[in-house]
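When you line the sequence shown up against the UniProt record's numbering, it's residues 1 to 690, in that order.
C-beta: ideal position from N, C-alpha, C; glycine also.
Below is one structure, written out as structure tokens, with a few remarks after it.
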Amino acid sequence: MSAEAGPATAGARDGAVRRVRLPADRRTPAAARAVVRSVLTESHLDELANEALLLTTELTTNAVEHAGTELDIEVVADEVGLTVTVSDFAPGSGDELTVGDRNDATEINEVSVRGRGLLLVDHFASRWGTTYLPTGKGVWFRLDRPGVDPPAAGTVGESTPASAGPPTGADPSAPSASAMSELMQTAPDLYGDDPLPDFATSLLSRVAEMVGAAGGTIRLDRGDGQGSQVLARFGRPPRPGSELLRVPLTVHRPYAGELELDAAPSAYAQPLAVLTAERLSLHLENDRLRRADIRRQVWLTFLAEASELLAQSLDVDLTMALVPQLVVPRLGQWCAVHTTDEWGRLRLAAASHADESMLPQLHKVLAETGPDSVQARLREASRSAAQIPLGGPMEGFAVPLIARGQRLGTLAVGRHQRHRHDPDEVAVLEDVARRAALAIENARIHAERRRVAQTLQQSLLPPVLPVVDGIGFAAEYVPTGDDAEVGGDFYDVVPLPDGRWLVVIGDVSGKGVQAAAVTGLVRDVIRVLVGDGKPLPEALARLNETLVERGGGRYCTLALAAVGPGRGDQLAVSLHLAGHDRPVLLAGTGGAEFVGTGGTALGLLDTITSPTAEITLAPGDSLIFYTDGVTERRRGRELFGTDRLRDAAAPLAGYSADVVAARLRAAAINFSVEPPRDDIAVLVLRNDAT
1 MSAEAGPATA GARDGAVRRV RLPADRRTPA AARAVVRSVL TESHLDELAN
51 EALLLTTELT TNAVEHAGTE LDIEVVADEV GLTVTVSDFA PGSGDELTVG
101 DRNDATEINE VSVRGRGLLL VDHFASRWGT TYLPTGKGVW FRLDRPGVDP
151 PAAGTVGEST PASAGPPTGA DPSAPSASAM SELMQTAPDL YGDDPLPDFA
201 TSLLSRVAEM VGAAGGTIRL DRGDGQGSQV LARFGRPPRP GSELLRVPLT
251 VHRPYAGELE LDAAPSAYAQ PLAVLTAERL SLHLENDRLR RADIRRQVWL
301 TFLAEASELL AQSLDVDLTM ALVPQLVVPR LGQWCAVHTT DEWGRLRLAA
351 ASHADESMLP QLHKVLAETG PDSVQARLRE ASRSAAQIPL GGPMEGFAVP
401 LIARGQRLGT LAVGRHQRHR HDPDEVAVLE DVARRAALAI ENARIHAERR
451 RVAQTLQQSL LPPVLPVVDG IGFAAEYVPT GDDAEVGGDF YDVVPLPDGR
501 WLVVIGDVSG KGVQAAAVTG LVRDVIRVLV GDGKPLPEAL ARLNETLVER
551 GGGRYCTLAL AAVGPGRGDQ LAVSLHLAGH DRPVLLAGTG GAEFVGTGGT
601 ALGLLDTITS PTAEITLAPG DSLIFYTDGV TERRRGRELF GTDRLRDAAA
651 PLAGYSADVV AARLRAAAIN FSVEPPRDDI AVLVLRNDAT
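As structure tokens, then:
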């Protein structure tokens, strides 16, 4: 053999010659085959098509994968055969490849070690070799027509090694070109749900038949906790004590597997098994990537759904109870959420286990103390703000819960019984911990806002209404649907210096702290002015001046009613309206009507008008005050309205003030299934004289 032997084209004048340069691309082998096929057809060498196309595919594929440069393809045909040369431009030494005669038995093992592509070339080519140039190297092969004596070296397009032609001791078990072509062209069904088992079975059966194996098995472990599974089987199980040919599958973690053949020793068994394993490994790697991509999409969907669920809950306890339910059993065998109290101690907030009967044991283990306990590891995770593995009977790991730079606690997750967490699962769990921590912190902030709003709202309303002989007072108040927001509605009952009682109900524009501040101002100014004995018209004028001077764009509607004894058992009411809706007079004998005259809202103009309306309440009569949260209650485009309020009040004649207020509140609330968009306030004044 000679490592410097190479093809020549001097003797190709009477044949066809094609030269083409192709890029280092996955489509290059197909383009090279098209060039070779056209030369074969033109030169009437179709009987060499199987071998020529197979070897062209192998050489171009190897060159694309290993050289990574452009390729020059030269095809030379004559009356007795074909020579194909594949040249690349990658630098390399002259000792990297070998040149040999077809089926040189002394070189079979060496070639099989160097590459399965050259094994095929060595098996099917009449002659082959390599040519080294300053710009790269070329690998060539020669195919002669069967039954035709090859021409002498140098006359058919290539230089020939010393011992041309097949030796008389060629391996009779060598695979045919058609069998090799079928093996190389076998591919999985692109439209099958799970094409790999059928594809693996087809590959295994073909290679087993080619090497005369009695049986074979392909095992695959996808790293999903199922362990090693049989992907394909051929023939009978191996005989006890037989030595099997084992070839590992070249796949990335978490995949692992091997191919087994119960085959007699052969020069071609090992290389063909390796070639089959490599072909299968390529598709297994595609399957791994496809499954990983699907899994990542599933994780993204899971994280999006988890975020939506966590965002919907603004209750701290409910949020912390929801986190373990999201984790178990998808991401762990068990899960526990610990929060940090104001003294820095961890407190178990929620826990879940895939096996509910194991919950008592889980709580017991989580409650244990000591340097090696789970509690100690959780404290370390919270203190170091890093992931900490958990040992012992509840194996897993702990992730700190951190939101906006604050350490809220830990999320502890136990590993599945059948497999450990892979990097993707760990990343998802860390993401869940971040989202859970943010949801818990948001719920805490909302709870604090709700407490502040409730405290502020309660400070703007009287804790209880006074109990007065002959006069009944009752009120109902429903805050807006957002219980963390302070409304502008208020009511009050204030004693007057002359022995009468002042009933007040009002509505400050807007919501929030600013509206609450104006509400408190209005309430306090009224109490001070009427406490000093100011007449109601003057009190309203002073209050209007105060709001105008204060500015800020806030205004207030107000209804004031001074009630005291009238003639006999009647009550005399002096009513003043400042932009507020007229109250409903509910007669004790039946019937309801609006009373009073509208006036100017406070805080808009320098001067206001507030006409006085004198009303007499007979025993059993009620005067119903309300805010616009009642009349503007919506059901789609329909409003509850003042007429519906009057009609709802009419059947309540004769009932106590408490019943009237409660029934009207229920009527307004039940009008729509949506939470109130505005505060609802109802205040009832009734003549309880008997």
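Looking only at its own chain, which residues have a Cβ that is under 7 Å from the Cβ of residue i, when we skip the five neighbours before and after it?
{"i": "residue 144", "result": "80, 81, 126 and 150"}
{"i": "residue 306", "result": "326, 432 and 435"}
{"i": "residue 329", "result": "354"}
{"i": "residue 516", "result": "456, 460 and 486"}
{"i": "residue 238", "result": "215, 244 and 262"}
{"i": "residue 745", "result": "This structure cannot speak to residue 745, because the chain is shown only from 1 to 690."}
{"i": "residue 340", "result": "346, 382, 407, 408 and 409"}
{"i": "residue 617", "result": "570, 571, 573, 623 and 687"}
Report back the beta-carbon spacing between residue i and residue j to the nearest angstrom; my notes put them in contact at under 8 Å.
{"i": "residue 399", "j": "residue 299", "result": "The pair is not a contact, with the Cβ atoms about 16 Å apart (cut-off 8 Å)."}
{"i": "residue 346", "j": "residue 410", "result": "7 Å"}
{"i": "residue 344", "j": "residue 396", "result": "Going by Cβ atoms, the distance from residue 344 to residue 396 rounds to 23 Å, so no, they are not a contact pair."}
{"i": "residue 681", "j": "residue 627", "result": "4 Å"}
{"i": "residue 29", "j": "residue 60", "result": "4 Å"}
{"i": "residue 205", "j": "residue 249", "result": "The Cβ separation is near 17 Å, so there is no contact."}
{"i": "residue 691", "j": "residue 465", "result": "Since the displayed the chain opens at 1 and closes at 690, residue 691 lies outside it and no answer follows."}
The beta strand (DSSP E) that contains residue i, what's its start and end?
{"i": "residue 137", "result": "136–144"}
{"i": "residue 81", "result": "81–88"}
{"i": "residue 238", "result": "Taken as a continuous stretch (DSSP letters only), residue 238 belongs to no beta strand (DSSP E), as it is neither H nor E."}
{"i": "residue 353", "result": "346–353"}
{"i": "residue 257", "result": "256–261"}
{"i": "residue 131", "result": "127–133"}
{"i": "residue 594", "result": "592–594"}
{"i": "residue 532", "result": "It is not in any beta strand (DSSP E) - residue 532 carries neither H nor E in the DSSP assignment."}
{"i": "residue 501", "result": "501–508"}
{"i": "residue 389", "result": "388–390"}
How would you call residue i, buried or exposed, if buried means at least 16 neighbouring beta carbons within 10 angstroms?
{"i": "residue 375", "result": "buried"}
{"i": "residue 463", "result": "exposed"}
{"i": "residue 100", "result": "A caution first: residue 100 carries a pLDDT of 40, below 50, which makes its placement in the model unreliable, though a value can still be read off. Label assigned to residue 100: buried."}
{"i": "residue 513", "result": "exposed"}
{"i": "residue 670", "result": "exposed"}
{"i": "residue 110", "result": "For residue 110, the pLDDT reaches just 38, beneath the cut-off of 50, and the residue's location in the model is therefore unreliable, leaving the point undetermined."}
{"i": "residue 286", "result": "exposed"}
{"i": "residue 391", "result": "exposed"}
{"i": "residue 137", "result": "buried"}
{"i": "residue 338", "result": "buried"}
{"i": "residue 294", "result": "exposed"}
{"i": "residue 674", "result": "exposed"}
{"i": "residue 530", "result": "buried"}
{"i": "residue 591", "result": "exposed"}
{"i": "residue 97", "result": "With a pLDDT of only 38 at residue 97, under 50, the local geometry of the prediction cannot be trusted, and the value read off the model is given with reservation. So residue 97 counts as buried."}
{"i": "residue 252", "result": "exposed"}
{"i": "residue 58", "result": "buried"}
{"i": "residue 317", "result": "exposed"}
{"i": "residue 189", "result": "exposed"}
{"i": "residue 323", "result": "buried"}
Residue i lies in the alpha helix (DSSP H); which residues open and close that run?
{"i": "residue 671", "result": "Segment: none, residue 671 is in no alpha helix (DSSP H) and carries neither H nor E."}
{"i": "residue 148", "result": "No alpha helix (DSSP H) holds residue 148; DSSP gives it neither H nor E."}
{"i": "residue 426", "result": "423–459"}
{"i": "residue 215", "result": "Segment 215–221 is the beta strand (DSSP E) holding residue 215; no alpha helix (DSSP H) there."}
{"i": "residue 248", "result": "Segment 245–248 is the beta strand (DSSP E) holding residue 248; no alpha helix (DSSP H) there."}
{"i": "residue 704", "result": "With the chain covering only 1 through 690, there is no way to say anything about residue 704."}
{"i": "residue 322", "result": "316–327"}
Quick one: what's residue i bridged to in DSSP?
{"i": "residue 414", "result": "334 and 396"}
{"i": "residue 625", "result": "683"}
{"i": "residue 574", "result": "562 and 614"}
{"i": "residue 74", "result": "19 and 85"}
{"i": "residue 407", "result": "402"}
{"i": "residue 477", "result": "681"}
{"i": "residue 492", "result": "504"}
{"i": "residue 635", "result": "638"}
{"i": "residue 233", "result": "217"}
Among residues of its own chain, excluding the 5 on either side of residue i, which ones have a beta-carbon nearer than 6 Å to its beta-carbon?
{"i": "residue 39", "result": "16, 18, 75 and 77"}
{"i": "residue 202", "result": "186"}
{"i": "residue 276", "result": "203 and 207"}
{"i": "residue 223", "result": "254"}
{"i": "residue 162", "result": "Confidence at residue 162 is low in this model, with a pLDDT of 32, below 50, so the placement of that residue should be treated as unreliable; the coordinate-derived value is given next. Here the set comprises nothing."}
Enumerate in chain order the residues of its own chain whose CB-to-CB distance from residue i is below 8 Å, with the five nearest sequence positions on each side excluded.
{"i": "residue 471", "result": "501, 563, 571, 685, 686, 687 and 688"}
{"i": "residue 89", "result": "67, 69, 70, 135 and 136"}
{"i": "residue 48", "result": "40, 81, 82, 143 and 145"}
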